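Take 7 as the starting number for the sequence shown in this note's numbering and just add one per residue.
Let me begin by presenting the structure, written as structure tokens, before commenting on it.
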Amino acid sequence: MTLTSFIEVPADSHFPIQNLPYGVFSTNGGTPRVGVRIGTYVLDLSVLEAAGLLPQPSVFAQSSLNAFMAQGREAWRTVRSRLQELLASDNPTLRDHAEMRRNALTPVADVTLHLPVEIGDYTDFYSSKEHATNMGTMFRGKDNALMPNWLYIPVAYHGRASSVVLSGTDVYRPYGQIKPEDGPPVLAPSRVMDFELEMGYFIGTGNDLGTPIPVDQAADHFFGMVLVNDWSARDIQRWEYQPLGPFLAKNMATSISPWVVSLDALEPFLCAAPPQDPAPLSYLDHAGDQAYDINLEVLLQSESMTEPMSIARSNFKYMYWHIAQQLAHHTITGCNMRPGDLMASGTLSGPTPDTYGSMLEITWRGENPLELTTGETRKFLQDGDRLTITGWAQGDGYQVGFGEVMGRVMAPRTKMEHS
Ligand code: MN
Numbered sequence: 007m008t009l010t011s012f013i014e015v016p017a018d019s020h021f022p023i024q025n026l027p028y029g030v031f032s033t034n035g036g037t038p039r040v041g042v043r044i045g046t047y048v049l050d051l052s053v054l055e056a057a058g059l060l061p062q063p064s065v066f067a068q069s070s071l072n073a074f075m076a077q078g079r080e081a082w083r084t085v086r087s088r089l090q091e092l093l094a095s096d097n098p099t100l101r102d103h104a105e106m107r108r109n110a111l112t113p114v115a116d117v118t119l120h121l122p123v124e125i126g127d128y129t130d131f132y133s134s135k136e137h138a139t140n141m142g143t144m145f146r147g148k149d150n151a152l153m154p155n156w157l158y159i160p161v162a163y164h165g166r167a168s169s170v171v172l173s174g175t176d177v178y179r180p181y182g183q184i185k186p187e188d189g190p191p192v193l194a195p196s197r198v199m200d201f202e203l204e205m206g207y208f209i210g211t212g213n214d215l216g217t218p219i220p221v222d223q224a225a226d227h228f229f230g231m232v233l234v235n236d237w238s239a240r241d242i243q244r245w246e247y248q249p250l251g252p253f254l255a256k257n258m259a260t261s262i263s264p265w266v267v268s269l270d271a272l273e274p275f276l277c278a279a280p281p282q283d284p285a286p287l288s289y290l291d292h293a294g295d296q297a298y299d300i301n302l303e304v305l306l307q308s309e310s311m312t313e314p315m316s317i318a319r320s321n322f323k324y325m326y327w328h329i330a331q332q333l334a335h336h337t338i339t340g341c342n343m344r345p346g347d348l349m350a351s352g353t354l355s356g357p358t359p360d361t362y363g364s365m366l367e368i369t370w371r372g373e374n375p376l377e378l379t380t381g382e383t384r385k386f387l388q389d390g391d392r393l394t395i396t397g398w399a400q401g402d403g404y405q406v407g408f409g410e411v412m413g414r415v416m417a418p419r420t421k422m423e424h425s
């Protein structure tokens with residue numbers, strides 16, 4: 007029988023009792039604390055904790071999830087099953103306690119959401135074969151599309167944690183060095199602002215410096231997942247990316263969705279990862295269902311549009327290198343991960359043009375502009391454009407969803423002298 011809650015949850019909600027993602031919120035300018043989303047409500051875990059209804063030590067009257075993340079998978083599972091118990095239709099503890107319900111449950115419309123995690127480090131992978139092939143085809147030609155290392159290494163770069171921002175935060179078009187076809191580079195605002203459809207996963211428990219995480223234990227280190235938009239300035243990227251990879255092209259902002267969905271909530275959606283040929287080196291070899299079937303959709307709304315239009319649909323399961331392989335590779339040197347570190351997938355493009363996860367691919371470098379419902383066209387993102395990514399796993403009669411990550415592109419915040 008399907009588990010149900012005494013809190014009414016609409017059938018198409020991303021947040022039924024099967025999900026229970028974690029976030030950080032405040033009300034009326036008060037202190038941020040940890041909450042769980044259920045339907046259209048936020049459940050204040052610091053209230054339940056103070057009432058002695060959750061295991062100790064106390065980790066929820068805090069402005070980030072980090073302390074809870076550091077406790078490890080067994081503790082996460084205990085809290086999750088306790089919350090499912092307390093929210094179940096047939097449990098009177100909270101259901102029939104009017105005062106506690108008043109204190110613990112707030113409509114999501116009445117709360118302010120905060121960045122849920124204090125992020126120490128951020129690493130962005132490049133793990134979609136379709137995306138890497140598309141990029142390589144555009145920049146190096148079809149015959150050299152995949153670099154020779156790509157099928158052996160889960161390629162990544164170390165990103166910038168300080169500019170990871172919450173959904174709803176405006177993103178300012180960056181200045182940078184841009185190289186015209188002929189002549190020396192100039193300092194100018196990027197003319198080719200792009201999004202990247204990605205998913206991110208937070209490290210819960212880390213590892214000691216010098217001690218790699220084995221691939222078959224890697225999954226237990228992840229606390230949960232969010233949607234990610236890895237904003238990219240393609241003209242800055244093109245001029246700077248060789249030989250050390252992206253630097254300024256991606257450090258102006260990276261947007262994440264506010265609710266962290268636990269791997270336990272996503273477990274029913276594990277599925278086969280794409281076949282890997284050649285076989286990975288043994289430290290990356292981990293067969294079985296390691297991918298997750300998570301539907302992803304990208305929507306674009308210009309300033310003159312009254313509602314967003316869908317511009318791409320993809321799926322997290324297309325990712326070639328799965329999350330356990332990425333973590334095993336990240337730590338094979340002994341690099342230490344810490345609670346709250348963020349790893350992201352890289353752009354999640356699928357096999358066909360309607361599944362491409364960036365404007366660069368959708369319009370193929372601007373050669374096939376996208377026509378919007380207003381008749382406007384887009385090669386890349388313009389000022390005022392709102393870009394939204396949503397994602398959900400489809401269960402039997404319910405969804406485990408991520409809500410959305412939205413950001414609006416704005417003209418540069420600080421005007422610089424062009425030269
Ligand atoms: Mn990226």
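Quick reminder that beta carbons are idealized off the backbone N, C-alpha and C, glycines included.
Everything numeric in this text was worked out from a predicted model, so none of it was measured.
Query	Result
Given Gln-24, which residues of its chain have a CB within under 7 Å of its CB, disregarding the five upstream and five downstream residues?	Leu-9, Ala-271, Gly-401, Tyr-404, Val-406
At what residues does the alpha helix (DSSP H) containing Gly-142 begin and finish?	135-146
Identify every residue that forms a DSSP beta bridge with Val-449.	Only positions 7 to 425 of the chain appear in the structure, and residue 449 is not among them; the question remains open.
Grab me the residues of Ile-338's own chain with a C-beta within less than 8 Å of its C-beta, minus the 5 sequence neighbours each way, in chain order.	Pro-218, Tyr-289
So within the region 181-208, which uninterrupted beta strand (DSSP E) runs reach at least 3 residues, ignoring any that extend past its ends?	181-184, 192-195
Roughly how far, in whole angstroms, is the beta-carbon of Ala-239 from the beta-carbon of Ala-225, given that I think they are within contact range, below 8 Å?	So it is not a contact: roughly 34 Å between Cβ atoms.
Mapping the DSSP letters down to three states, classify Ile-395 as helix, strand or coil.	strand
Who are Phe-228's beta bridge partners in DSSP?	Ile-209
How big is the Cα-Cα spacing for Tyr-28 and Asn-342?	25 Å
Give the secondary structure of Thr-361 by DSSP, where H, G and I count as helix, E and B as strand, and everything else as coil.	helix
Do you know how far the Cα of Lys-323 is from the Cα of Ile-300?	7 Å
So which residues put a beta carbon under 6 Å from any heavy atom of the ligand MN, going in chain order?	Asp-130, Glu-202, Glu-204, Asp-236, Gly-352, Thr-353
What are the boundary residues of the beta strand (DSSP E) that includes Phe-131?	128-131
So what does DSSP say about Asp-283, is it helix, strand or coil?	coil
My output table needs one value for Met-315: the three-state DSSP class, helix, strand or coil.	strand
Give me, in chain order, the residues of the same chain whose beta-carbon lies closer than 7 Å to that of Pro-113; leave out the 5 immediate sequence neighbours on both sides.	Thr-46, Tyr-47
Can you tell me the Cβ-Cβ gap for Glu-202 and Ser-364, rounded? I've got them flagged as a contact below 8 Å.	5 Å
Please confirm whether Ser-263 and Val-171 have their CB atoms less than 8 Å apart.	no
Measure the CB-CB distance between His-292 and Pro-160 and report whether it falls below 8 Å.	no
Take the Cβ of Asn-34 as the centre, count every other Cβ of all protein chains shown within 10 Å, and call the residue buried at 16 or more, exposed below.	exposed
Leaving out five residues before and five after Asp-236 in sequence, what residues of the same chain have Cβ atoms less than 7 Å from its Cβ?	Asp-130, Glu-202, Glu-204, Lys-256, Thr-260, Ala-350
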